[in-house]
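In what follows, a structure is listed as C-alpha cells, so that the remarks can point back to it.
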Amino acid sequence: MENKRGQWGSNLGFLMAAIGSAVGLGNLWGFPYKMGANGGFAFLLIYLMLVAFCGIIIMSIEMSLGRKTGKSPVLAFAQIGKQYKFIGWMGVLSAFVILSFYSTIGGYVIKYMVDFILNIFGNNSFKGVGGAEYFASVFSNPVTSITYHILFMVITIGIVMGGVNKGIENFNKIAMPSLLVMLLVVIVRSVTLPGSVDGIKFMFSFSGAEFNFFKAVRAAGGQMLFSLSLGMGCLITYGSYLSKKENIVKNAFIIPIADTVFALMAGFAILPAVFAKGLDPASGPSLLFQTLHEVFNSMGYIGLILGFIFYMLALFAALTSSVSLLEVACAHFIDTRLEMGKSGNRRMVTAIVGTAVIIFGIPVALDALGSSGMYQPLGLCWLDFYDFLSEGIMMPLAAVFMSLLMGWKIGLGYMENEITLEGNKFIGKSFFAICIKYITPLLMSFVLISLALSFFNR
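What follows is the structure, given as C-alpha cells:
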C-alpha cells in the first residue's frame, strides 16, 4: 500500500532505480581505467571478491535496515539506538557532499551534449580545436561552469520532486534501457576501429610486472563503495520504499552484477576507441571530455552523431545517480517532518536541499578542477577535497561501523527476520555470519586507511 513516504510500484522499478544509482559517471571512465592500470583481469578478480565479501553484505544490511524501519538513514539507525545516529549522518552527508561535486561534472556533460548538437547542425566550434584546449575553455569559464552546474541540479530536483514512484522510478525505467541501447551503439563503432584491440588488451591483460596487490585492493575498494552507492545511505533510503514481499538477498546479488556488466560495457565502448586513436587512457575524469572529444571529432560527421549519443548516455548515467544522492538528503528531512506530525512536503524539501547543493557546488565549479589558483583546503582542489571527505572517510567508515554493529551488537537475527518475510529464504546465511563479523570489517578497515592515506599522498 502506498504510504506518506512513497513506495516502489514494483521490484523491477526498485532494481532499475538501485542499478541506476550504481551506474554513473564513475563507471564510464573509472572502472575500465582502474582495471587496466591495476593488473587488468587480476583487478577484476579482486573487485569481484570485494563485492562478494563486502559489497553484497553491506548492501543486504542497508536494504534490510531500510525496509525494516521504513526510515531514512539517520532515523533508521536511531531506531536501533540514538547513539548510532552518527552512522546515518555519515551516509546523508556523504550523499550531499558527493552531489555537490558530481553536479559540476554532470553540468559539463550537458554542455558537451549541447555542443555536439550544435556542431551537427554546422556550428563548427570544434574545428581546429584539440580536446584538452576545448575542455580548458569550458571548465575555466566560471559562468559556463556555474550555469551548467545549476542546470544539471534543476533537472535532478525536478525528477526527485516527482516522488518515489512517479518521479524516480519512472525516470529510471526509461533511462536504464536507454543507457543499454546507447552503450551498445557506441561499442559497435568502438571495437570496429583499426587498432581497437589494444584497448581490450589494456583492460584484460594481467600486467604482472606492474601489478601491486595492495594498490589494486585500494582502487577496487574505492570503486566498489562509490559505484555500488555503499555507505552513503542510498540503499537504506531505497530499501525503505521496498515492499515486504521482495527478496532482499536476491536483489543484493542482482544489483552489483548489473553494475559490473555496465562497467565492463563502458570499457568496451571507451578504451578501444581511445587506443585506436593513440590517446592516453590515464587521463581520469577528463577521459570523458578531452580524450573522447578527440576520438569523436576525428570521425567526421558520424563522430559528431556518436558524440551526441555518448554524452546523452553519460547524462542519463549521471542523472540516475544524482537523483538517488539527492533523495537520501531529502528523505531525511521528509521523514523528520513526518515524525513531527507535519506533512512531508516533498516539493519544498527538495527545492531547499537542492538549492543547498547548488551553493556548496559553486566552489567546485569556480575552482576549474584545481587549476584556478583559488584556496585549496588540505592542499586539494575542491573536487578532491569533497571526494576525500566522502569516498576517503565517511563512506568506508560507515561501512565498517555497519558491519560491526550488525555482527557484534545487534546480531544476524535482526537481518534474518526481515530477509525471511513472506517465505523468502536467507541464502548463504553462514557465509553472511562470517563476513559480517570478521571479513567485511577487516577489508573495509584496510580500504578506509589506504584511501585516506592516498588522498594525502596525491
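Just so we're aligned, residue 4 is where the sequence shown starts under our numbering, counting upward by one.
Think of the CB as a built atom: it goes at the ideal place given N, C-alpha and C, for glycine as much as any other residue.
Since the structure is predicted, the reported quantities are computational estimates derived from the model, not experimental observations.
Any idea if residue i is buried or exposed, counting beta-carbon neighbours within 10 angstroms, 16 or more meaning buried?
i: Pro35; result: buried
i: Met447; result: buried
i: Glu65; result: buried
i: Phe311; result: buried
i: Met343; result: exposed
i: Thr107; result: buried
i: Glu136; result: exposed
i: Ala212; result: Residue placement at Ala212 cannot be trusted, given a pLDDT of 48 that sits under 50; what the coordinates show is reported in the next sentence. Ala212 is exposed by the Cβ-count criterion.
i: Trp11; result: buried
i: Gly236; result: buried
i: Leu187; result: exposed
i: Val264; result: exposed
i: Phe174; result: buried
i: Lys114; result: buried
i: Gly33; result: buried
i: Pro380; result: exposed
Quick check: what's the CA-CA separation for residue i versus residue j?
i: Asp201; j: Leu424; result: 50 Å
i: Gly198; j: Thr358; result: 46 Å
i: Tyr283; j: Ser232; result: Residue 283 is actually Asp in this sequence, not Tyr. Asp283 and Ser232: Cα-Cα distance of roughly 28 Å.
i: Lys428; j: Phe214; result: 40 Å
i: Gly364; j: Met19; result: 27 Å
i: Phe449; j: Arg221; result: 8 Å
i: Gly134; j: Val191; result: 23 Å
i: Phe391; j: Lys432; result: 34 Å
i: Phe313; j: Pro180; result: 14 Å
i: His335; j: Asp262; result: 26 Å
i: Thr150; j: Ser24; result: 24 Å
i: Phe256; j: Ile61; result: 11 Å
i: Ala332; j: Ile442; result: 30 Å
i: Val360; j: Leu96; result: 11 Å
i: Ser457; j: Phe388; result: 12 Å
i: Ala401; j: Leu318; result: 29 Å
i: Leu47; j: Asn41; result: 9 Å
i: Leu121; j: Ile305; result: 14 Å
i: Ile362; j: His152; result: 10 Å
i: Asn6; j: Gly347; result: Per-residue confidence for Asn6 stands at a pLDDT of 47, beneath the threshold of 50, marking its modelled position as unreliable; no derived number is given.
Specify, as a first and last residue, the run of the alpha helix (DSSP H) that residue i falls within.
i: Gln10; result: Per DSSP, Gln10 belongs to no alpha helix (DSSP H) and is neither H nor E.
i: Gln293; result: Gln293 to Asn300
i: Thr323; result: Tyr304 to Glu342
i: Val3; result: One cannot answer for residue 3 here, as it falls past the ends of the chain, which runs 4 to 461.
i: Gly39; result: Leu28 to Ala40
i: Asp283; result: That residue, Asp283, is in no alpha helix (DSSP H); it is neither H nor E in DSSP.
i: Lys412; result: Here Lys412 belongs to no alpha helix (DSSP H), and DSSP marks it neither H nor E.
i: Pro180; result: Asn173 to Val194
i: Val360; result: Arg349 to Leu369
i: Thr240; result: Cys237 to Gly242
i: Thr423; result: No alpha helix (DSSP H) holds Thr423; DSSP gives it neither H nor E.
i: Glu249; result: Element bounds for Glu249: n/a, residue is neither H nor E.
i: Ser69; result: Residue 69 is actually Gly in this sequence, not Ser. Segment Ile59 to Thr72, the alpha helix (DSSP H) holding Gly69.
i: Leu446; result: Thr443 to Phe459
i: Leu47; result: Phe44 to Leu53
i: Glu394; result: Unbroken run through Glu394: none, as it is neither H nor E.
i: Ser433; result: Lys432 to Ile437
i: Gly161; result: Pro145 to Met164
i: Lys440; result: First-last for Lys440: undefined, no H or E at that position.
Give the C-beta separation of residue i and residue j to the nearest angstrom, bearing in mind that I take them to be a contact with Cβ-Cβ under 8 Å.
i: Ser243; j: Gly69; result: 4 Å
i: Phe217; j: Ser453; result: 7 Å
i: Cys384; j: Leu372; result: 6 Å
i: Met418; j: Ser75; result: In fact, because the Cβ distance is near 19 Å, the residues do not count as touching under 8 Å.
i: Phe129; j: Phe292; result: At roughly 12 Å, the Cβ-Cβ gap does not stay under 8 Å, so Phe129 and Phe292 are not in contact.
i: Ile162; j: Leu322; result: 7 Å
i: Ser63; j: Ile251; result: 6 Å
i: Leu309; j: Met302; result: 7 Å
i: Lys71; j: Glu421; result: 4 Å
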